[in-house]
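*Asks:* Have a look at the structure that comes next, please.
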Amino acid sequence: MSYFEGRRRWRSRKEKREGTPAGRSTSMTAIMRGLVILMFGILIIQLVNLQVIKGEQYREQAEINALREIPIPANRGLIYDRNGTLLVQNTARFSATIIPGDLTDGDEATAYRMISNVIGMPASEIEARVTEGIEVQGEFNPTVIKGDLERDVALTLIELEPHVPGLSVQVEPSRNYLTGDLLSHILGYIGPISAEEYEALADEGYLYQDFLGKSGVELSYEDILRGKAGKKLVEVDAAGRELRAISERRPIDGTNLVLTIDLDLQAAVQEILGEYSTDNDNAAAAVIDVKTGELLSMVSLPTFDGNFFSGPVSEEALASLIESPGKPLVNHAISDRYAPGSTFKTIVGSAALQEGVASTGTTIVSRGYINVENEFDPNVVYVYKDWAPLGALDFYDGIAMSSNVYFYYLAGGFADEGFRGLGADKVAEYARAFGLGSLTGIDIGGESDGFVPDPAWKQETVGETWTIGDTYNFGIGQGYVATTPIQMLRAITAIANGGTLVTPHVVAEYEDSLGNTLEALSSDTSTVPVDTANLQIVGQGMRQSVTSGVARNASVSSVAVAGKTGTAEFGASRDDGTYETHGWFVGYAPAEDPEIAVVVFLQRGSGGSDASPAAARILDYYFSGGGPTYGPGEDIPVPDPSPVDVLDATAAPGTTDEPIADLPEPTAAPEEDPDTAPEPEPTAPPTAPPTAPPTSPPTEPPVAPPTDPPTEPPQETSPPAAALPDERRPHGVVP
0 MSYFEGRRRW
10 RSRKEKREGT
20 PAGRSTSMTA
30 IMRGLVILMF
40 GILIIQLVNL
50 QVIKGEQYRE
60 QAEINALREI
70 PIPANRGLIY
80 DRNGTLLVQN
90 TARFSATIIP
100 GDLTDGDEAT
110 AYRMISNVIG
120 MPASEIEARV
130 TEGIEVQGEF
140 NPTVIKGDLE
150 RDVALTLIEL
160 EPHVPGLSVQ
170 VEPSRNYLTG
180 DLLSHILGYI
190 GPISAEEYEA
200 LADEGYLYQD
210 FLGKSGVELS
220 YEDILRGKAG
230 KKLVEVDAAG
240 RELRAISERR
250 PIDGTNLVLT
260 IDLDLQAAVQ
270 EILGEYSTDN
280 DNAAAAVIDV
290 KTGELLSMVS
300 LPTFDGNFFS
310 GPVSEEALAS
320 LIESPGKPLV
330 NHAISDRYAP
340 GSTFKTIVGS
350 AALQEGVAST
360 GTTIVSRGYI
370 NVENEFDPNV
380 VYVYKDWAPL
390 GALDFYDGIA
400 MSSNVYFYYL
410 AGGFADEGFR
420 GLGADKVAEY
430 ARAFGLGSLT
440 GIDIGGESDG
450 FVPDPAWKQE
460 TVGETWTIGD
470 TYNFGIGQGY
480 VATTPIQMLR
490 AITAIANGGT
500 LVTPHVVAEY
510 EDSLGNTLEA
520 LSSDTSTVPV
530 DTANLQIVGQ
540 GMRQSVTSGV
550 ARNASVSSVA
560 VAGKTGTAEF
570 GASRDDGTYE
580 THGWFVGYAP
590 AEDPEIAVVV
600 FLQRGSGGSD
610 ASPAAARILD
620 YYFSGGGPTY
630 GPGEDIPVPD
640 PSPVDVLDAT
650 AAPGTTDEPI
660 ADLPEPTAAP
670 EEDPDTAPEP
680 EPTAPPTAPP
690 TAPPTSPPTE
700 PPVAPPTDPP
710 TEPPQETSPP
720 AAALPDERRP
730 HGVVP
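Per numbering that gives the first Met the number 0, the very first residue in the sequence shown carries number 0; after that it's consecutive.
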């Protein structure tokens with residue numbers, strides 16, 4: 000065997016033991032081929048995913064990154080008074096914005112710190128606002144991080160823009176309320192859109208950095224004022240910087256508004272009202288055109304400056320304003336509900352005439368009280384007081400002297416003398432017919448609907464039976480009934496104009512930028528179910544109230560005024576058993592051909608000594624051509640009134656025959672306000688305490704209704720009582 004043959008055999012045996020090189024090579028090749036195939040497979044799958052499955056998505060994203068729409072905000076419409084005086088104008092302000100998607104990954108914290116050093120806002124707060132913006136509108140829309148920048152701050156940020164991708168300083172329109180706090184509740188204010196509002200309004204073209212109306216006409220006429228934003232399509236680089244403009248659509252500015260308000264009259268009314276109210280008390284006054292429903296003035300005190308909301312508002316500052324005494328953000332002319340007091344007698348009187356319960360000759364004797372027996376115990380007698388023993392009163396006198404006894408009869412009747420009154424359901428029916436208990440439809444938000452009670456409501460919600468005492472209270476505007484000043488103004492306007500229930504409004508027309516009228520607005524109307532002749536009778540009683548009755552302080556020399564006072568008790572009793580009172584006055588002028596109507600409400604005061612002279616000064620200002628008015632304590636020129644007779648009321652059967660005290664002098668304020676609702680006093684032997692009084696317990700005088708009754712009352716459910724013809728006058732009523 001040769002050497003080579005031996006070596007070959009040795010290798011053969013070794014290869015059998017360890018495997019041949021060819022075998023190992025084949026195995027490795029197979030593995031490598033498999034890996035290559037796998038890698039190509041993964042690559043192919045990824046390419047398919049990128050180009051086929053997600054190709055459209057990435058193409059759109061690439062286009063978004065390259066082309067971007069920049070919104071161009073529209074100017075809001077301007078607002079003028081009825082005489083063309085500019086009330087609200089637009090101004091420019093600087094805002095710092097960030098497009099989060101343009102920020103460099105990993106450098107966000109550095110960017111926030113750089114911005115923080117310029118604007119003085121903590122970096123953490125900037126980050127929080129950016130995060131909120133992403134959650135609301137995505138990462139490629141601008142998020143405002145701070146508005147109302149000072150000019151030097153804005154310029155510094157502009158210099159920082161090249162170093163912070165996505166940072167931009169925008170010039171945005173803002174509002175300047177030129178009259179300060181004079182028209183704040185009418186004009187309202189604008190504010191930044193909230194996340195919730197943006198979610199609801201995004202489909203209407205709103206942007207997250209937009210401002211929108213929050214109250215007043217800024218809110219109720221938002222769609223008219225806001226205009227339509229434009230947009231510019233631009234090409235941007237990777238850092239979001241604009242390279243070139245592709246196209247542009249210019250914005251369309253909002254439509255201008257012309258108000259019904261007379262600015263000079265508004266200023267006079269606010270000044271006058273402020274002199275009769277304290278800083279922490281609510282007060283309201285309004286003047287309306289009785290034929291059109293145009294509000295010439297509407298004031299609510301305390302007030303605020305709408306410019307407060309034009310810039311950034313801290314939570315502390317806002318909380319302080321909201322919690323301020325008197326609630327300045329609330330429009331007390333339309334939002335607050337109060338017992339109307341004796342102003343409500345105008346509605347009860349209208350209903351009594353229409354239903355035949357009373358006529359001009361219906362004469363009722365007021366000895367200063369009426370007695371009502373407890374229905375469960377005849378030995379217990381409740382005494383319902385008048386403000387004074389007024390003697391024999393006809394219908395005109397009943398209104399002029401604001402006799403509670405007279406309207407106890409008209410509303411609830413007097414069973415002892417067979418006098419059948421309207422009844423609670425009928426009083427409620429007419430109250431609603433005059434617009435109480437429902438919205439007036441005024442074109443400003445935040446209106447309250449007031450409240451009109453009835454027996455069914457009390458039974459269902461309070462769980463108590465309606466009593467004659469409830470009806471008496473109802474008939475003089477006390478108890479559960481609650482109205483807003485604007486509701487009482489609307490009701491008295493219907494009496495002034497012969498029965499038309501107008502819709503009060505503050506916007507007269509829309510105008511374009513050249514002053515051309517685009518649309519003149521008109522008021523919806525309805526008719527109260529009372530004959531014009533009967534309304535004129537009520538008006539004559541109101542005129543008599545001003546010339547020789549309890550509203551004499553509303554008389555002025557410049558015009559003949561018809562009016563009605565009201566003083567409604569509220570709150571807890573004082574140590575002397577008396578109560579604080581609201582002061583009301585409603586009226587119109589000229590009495591013979593009404594042009595305007597006025598309402599004055601004072602949270603604390605009386606109708607005769609406070610609200611009436613305030614109304615007199617407002618009316619005197621209007622009809623004297625804007626001349627000087629008279630301050631509290633100053634004499635207001637009044638026509639010489641006719642004397643007030645002292646009436647003898649001792650002849651009515653069924654009552655005591657005690658002498659009647661003299662009436663107070665017409666010009667002097669009575670010791671007890673004529674419009675308050677005196678507490679019924681029980682007269683009974685000590686052994687027979689009252690068990691079921693017809694009203695609240697004797698120790699609880701009538702008070703203002705709860706501001707939020709449990710539920711709205713149902714509509715009238717029981718038929719009204721039949722009216723008693725005039726020729727069938729009962730005992731105690733002088734024919």
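A virtual CB, placed ideally from N, CA and C, is assigned to each residue, including glycine.
Unbroken alpha helix (DSSP H) runs of length 4 or more, entirely within the segment 407-495: which are they?
*Replies:* Correct list: 423-432, 467-474.
*Asks:* In the DSSP assignment, find the unbroken alpha helix (DSSP H) run with LEU500 in it and report its ends.
*Replies:* Here residue 500 refers to the residue found at position 501 when the sequence shown is read from its first residue. Per DSSP, LEU500 belongs to no alpha helix (DSSP H); it is in the beta strand (DSSP E), 499-501.
*Asks:* Assuming THR439 contacts ILE485 under a Cβ cut-off of 8 Å, what Cβ separation, rounded to an integer in Å, is found between them?
*Replies:* Reading the sequence shown from its first residue, position 440 is the one you call residue 439. Reading the sequence shown from its first residue, position 486 is the one you call residue 485. With 8 Å as the limit, THR439 and ILE485 qualify as a contact, their Cβ atoms being about 6 Å apart.
*Asks:* Measuring straight from C-alpha to C-alpha, what distance separates GLY582 and GLY397?
*Replies:* Within the sequence shown, numbered from 1, the residue matching residue 582 stands at position 583. Within the sequence shown, numbered from 1, the residue matching residue 397 stands at position 398. C-alpha separation (whole angstroms): 19 Å.
*Asks:* Please give me, in chain order, every unbroken run of the alpha helix (DSSP H) with length at least 4 that falls completely inside the segment 237-265.
*Replies:* none
*Asks:* Closest to LYS563 by CA distance: which of GLY348, SER313, ALA316 is it?
*Replies:* The residue given as residue 563 occupies position 564 in the sequence shown. Minimum Cα distance to LYS563 is reached at GLY348.
*Asks:* Would a C-beta distance cut-off of 9 Å place TYR337 and THR577 closer than the cut-off?
*Replies:* To locate residue 337, count along the sequence shown from 1; it is residue 338. To locate residue 577, count along the sequence shown from 1; it is residue 578. Against a cut-off of 9 Å, the Cβ pair of THR577 and TYR337 comes out as no contact.
*Asks:* I need the straight-line Cα distance from MET27 to ILE36, nearest angstrom please.
*Replies:* Walking along the sequence shown from the start, residue 27 turns up at place 28. Walking along the sequence shown from the start, residue 36 turns up at place 37. Pairing MET27 with ILE36, the inter-Cα distance amounts to about 14 Å.
*Asks:* Assuming ARG75 contacts ARG225 (C-beta within less than 8 Å), just tell me the rounded distance between them.
*Replies:* Counted from its first residue, the sequence shown places residue 75 at position 76. Counted from its first residue, the sequence shown places residue 225 at position 226. Correct: roughly 6 Å between the Cβ atoms.
*Asks:* So, PRO72 versus PRO250, is the Cβ gap smaller than 9 Å?
*Replies:* Numbered from its first residue, the sequence shown carries residue 72 at position 73. Numbered from its first residue, the sequence shown carries residue 250 at position 251. Against a cut-off of 9 Å, the Cβ pair of PRO250 and PRO72 comes out as a contact.
*Asks:* For the putative contact between ASP252 and LEU295, defined by C-beta atoms under 8 Å, what is the C-beta separation to the nearest angstrom?
*Replies:* Taking the sequence shown and counting its residues from 1, one reaches residue 252 at position 253. Taking the sequence shown and counting its residues from 1, one reaches residue 295 at position 296. Not quite, the Cβ-Cβ distance comes to about 28 Å (not below 8 Å), so this is no contact.
*Asks:* With DSSP as the reference, identify every bridge partner of HIS504, one or two as the case may be.
*Replies:* The count along the sequence shown starts at 1 and reaches residue 504 at position 505. Looking at the DSSP assignment, HIS504 forms a beta bridge with GLU293.
*Asks:* Could you check whether PRO324 and LYS145 sit closer than 9 Å to each other, using their CB atoms as the reference points?
*Replies:* For the purposes of this step, residue 145 is taken as the residue at position 146 of the sequence shown. For the purposes of this step, residue 324 is taken as the residue at position 325 of the sequence shown. No, the Cβ-Cβ distance between LYS145 and PRO324 is not below 9 Å.
*Asks:* Taking C-alpha atoms, which residue in SER123, THR531, ALA532, THR492 lies nearest to THR524?
*Replies:* Residue mapping note: residue 524 aligns to position 525 of the sequence shown, counting from 1. Nearest of SER123, THR531, ALA532, THR492 to THR524, Cα basis: THR492.
*Asks:* Can you tell me which of the three DSSP states THR342 falls into?
*Replies:* Taking the sequence shown and counting its residues from 1, the one referred to as residue 342 is at position 343. The answer is helix: DSSP assigns THR342 an H, G or I state.
*Asks:* By how many angstroms is the C-alpha of TYR381 removed from the C-alpha of VAL371?
*Replies:* Working through the sequence shown from its first residue, we reach residue 371 at position 372. Working through the sequence shown from its first residue, we reach residue 381 at position 382. Cα to Cα, VAL371 sits roughly 5 Å from TYR381.
*Asks:* On the criterion of 16 or more Cβ atoms from any shown chain inside 10 Å, does LEU517 qualify as buried, or is it exposed?
*Replies:* Translated into positions along the sequence shown, residue 517 becomes position 518. Label assigned to LEU517: exposed.
*Asks:* Cβ atoms of SER447 and SER334: under 9 Å apart, would you say?
*Replies:* Here residue 334 corresponds to residue number 335 of the sequence shown, with the count starting at 1. Here residue 447 corresponds to residue number 448 of the sequence shown, with the count starting at 1. Contact flag set, yes.
*Asks:* Using DSSP with H/G/I as helix, E/B as strand and the rest coil, what is GLU149?
*Replies:* Here residue 149 corresponds to residue number 150 of the sequence shown, with the count starting at 1. In the three-state reduction of the DSSP assignment, GLU149 falls in the coil class, being assigned neither a helical nor a strand state.
*Asks:* Excluding sequence positions up to five away, which residues of its chain have a Cβ less than 8 Å from the Cβ of LYS227?
*Replies:* For this step, residue 227 is matched to residue 228 along the sequence shown. Only ALA73, GLY204, PRO250, ILE251 meet the Cβ criterion.
*Asks:* Quick one: give me the first and last residue of the alpha helix (DSSP H) that GLY538 is part of.
*Replies:* Taking the sequence shown and counting its residues from 1, the one referred to as residue 538 is at position 539. 531-547 is the span of the alpha helix (DSSP H), which, as asked, contains GLY538.
*Asks:* Can you tell me which of the three DSSP states GLN88 falls into?
*Replies:* Locating residue 88 in the sequence shown gives position 89, counting from the first residue. Note: GLN88 maps to strand in three-state DSSP.
*Asks:* Take GLY411 as the anchor and find which of MET400, THR499, ASP424, ALA519 has the nearest alpha-carbon.
*Replies:* Locating residue 411 in the sequence shown gives position 412, where the first residue counts as 1. Nearest Cα to GLY411 within the set MET400, THR499, ASP424, ALA519: ASP424.
*Asks:* Can you tell me which of the three DSSP states SER608 falls into?
*Replies:* Counting from one through the sequence shown, the residue named residue 608 turns up at place 609. Here SER608 sits in helix by DSSP.
*Asks:* Return the Cβ separation of ALA532 and VAL545 in integer angstroms, given the expectation that the two are a contact with Cβ distance under 8 Å.
*Replies:* Walking along the sequence shown from the start, residue 532 turns up at place 533. Walking along the sequence shown from the start, residue 545 turns up at place 546. VAL545 and ALA532 do not touch by the CB rule: their CB atoms are close to 21 Å apart, not below 8 Å.
*Asks:* Could you pull the DSSP bridge partners for VAL216 from this structure?
*Replies:* Within the sequence shown, residue 216 is the residue found at index 217, counting from 1. Looking at the DSSP output, VAL216 shares a beta bridge with no other residue.
*Asks:* Mapping DSSP to helix, strand and coil, what is ASN378?
*Replies:* For the purposes of this step, residue 378 is taken as residue 379 along the sequence shown, with counting starting at 1. Correct three-state label for ASN378: strand.
*Asks:* Compute the Euclidean distance between the alpha carbons of ILE157 and LEU258, then round it to the nearest angstrom.
*Replies:* Numbered from 1 along the sequence shown, position 158 holds the residue referred to as residue 157. Numbered from 1 along the sequence shown, position 259 holds the residue referred to as residue 258. Those two C-alpha atoms are separated by around 40 Å.
*Asks:* Taking C-alpha atoms, which residue in GLY514, SER123, GLY498 lies nearest to THR526?
*Replies:* Your numbering for residue 526 matches position 527 in the sequence shown. The shortest Cα separation from THR526 among GLY514, SER123, GLY498 belongs to GLY498.
*Asks:* Using CA atoms only, rank isn't needed, just tell me which of ARG243, PHE308, SER276, PHE210 is closest to SER183.
*Replies:* Mapped onto the sequence shown, residue 183 falls at position 184. Comparing Cα-Cα distances from SER183 to each of ARG243, PHE308, SER276, PHE210, the minimum goes to PHE308.
*Asks:* In angstroms with no decimal places, state the Cα-to-Cα distance between LEU264 and ILE494.
*Replies:* On the sequence shown, residue 264 is found 265 positions in, with the first residue counted as 1. On the sequence shown, residue 494 is found 495 positions in, with the first residue counted as 1. Answer to the nearest angstrom: the Cα atoms are 23 Å apart.
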